[in-house]
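Working notes, structure below.
Residue numbers (the working numbering): 7 to 244.
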């Protein structure tokens, strides 16, 4: 089975109203006007692979940066894949504006966030895979999802991380709902152990297992035992 796993920005609707759902779908598959956000655009990375062409708006917007893209290039880029992965950590809340155009919903002061300052938006793990499956018609894997916490070894020698358990329970509840509607093949929690985070080094802890970087001791966090039970029950214990 061959696939790939981009990391792009997800969107979810403010409500279940048809117009808000459509607004979120439009926003997720559109390119942002700021060229500095080109790396996170879903259609720019996935349309060529799965649909066989780049978004027309992207070809115009990024024209000054692009080489000549030929039909032969697109034939190679769009060689069939079996499964489609996506790394999903959070998303943007979208609604249909009064002018009939999608707009971002501003997060309120004190909005939940992780230790790395990423927003906690469980809805992204329902609407993200759902929108991706509707557009690309490929079985979906969530290839990364998790959070960084301020994990410490407590006086009892254990690592208690209730925030991680709560986060995963909320996100997996949404993913379980999506699994009842689309061809969802699997989910990979990021990560098994604390490790070197690509942009933050050793300052962030994403693992289910605590790593003492001085001694290399490993300690299973509370979330590791909780996640074990979730796996054993295939999500029935969420």
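We treat Cβ as the ideally placed atom computed from N, Cα and C, and that holds for glycine.
Item: CB-CB under 6 Å to residue 50, same chain, minus the five flanking residues each way: which ones, in chain order?; Value: 64
Item: What are the boundary residues of the alpha helix (DSSP H) that residue 180 is part of?; Value: 168-185
Item: Quick one: what does DSSP say residue 12 is sitting in, helix, strand or coil?; Value: coil
Item: Just mark residue 7 as buried or exposed, buried being the case when its beta carbon has 16 or more other beta carbons within 10 Å.; Value: exposed
Item: Name the DSSP beta bridge partners of residue 226, please?; Value: 215
Item: List the endpoints of the continuous beta strand (DSSP E) containing residue 102.; Value: 97-102
Item: Any chance the segment 91-98 sits against the segment 140-149, with 3 or more Cβ pairs inside 8 Å?; Value: yes
Item: Based on the DSSP output, what are the partners of residue 147 in its beta bridges?; Value: 91 and 192
Item: Between the C-alpha atoms of residue 100 and residue 41, what's the straight-line distance to the nearest angstrom?; Value: 20 Å
Item: Roughly how many angstroms lie between the CA atoms of residue 218 and residue 155, to the nearest whole one?; Value: 15 Å
Item: Between which residues of its own chain and residue 16 is the CB-CB distance below 6 Å, once the five residues before and five after are set aside?; Value: 94, 97, 130 and 134
Item: Do the segment 66-77 and the segment 167-180 meet, that is, are 3 or more Cβ pairs less than 8 Å apart?; Value: no
Item: Excluding the 5 residues preceding and the 5 following residue 251 in the sequence, name in chain order all residues of the same chain whose CB lies nearer than 8 Å to its CB.; Value: The chain is shown only over 7 to 244; residue 251 falls outside these bounds and no answer can be derived.
Item: What is the DSSP secondary structure of residue 39, counted as helix, strand or coil?; Value: coil
Item: Looking at C-alpha atoms only, which residue of 120, 58 and 38 is the closest neighbour of residue 172?; Value: 120
Item: Starting from the C-beta of residue 202, find all residues in its chain whose C-beta is less than 8 Å away, skip the five residues before and the five after it, and write them out in chain order.; Value: 208
Item: Counting C-beta neighbours from all protein chains within 10 Å, is the total for residue 230 16 or more, i.e. buried, or is it exposed?; Value: buried
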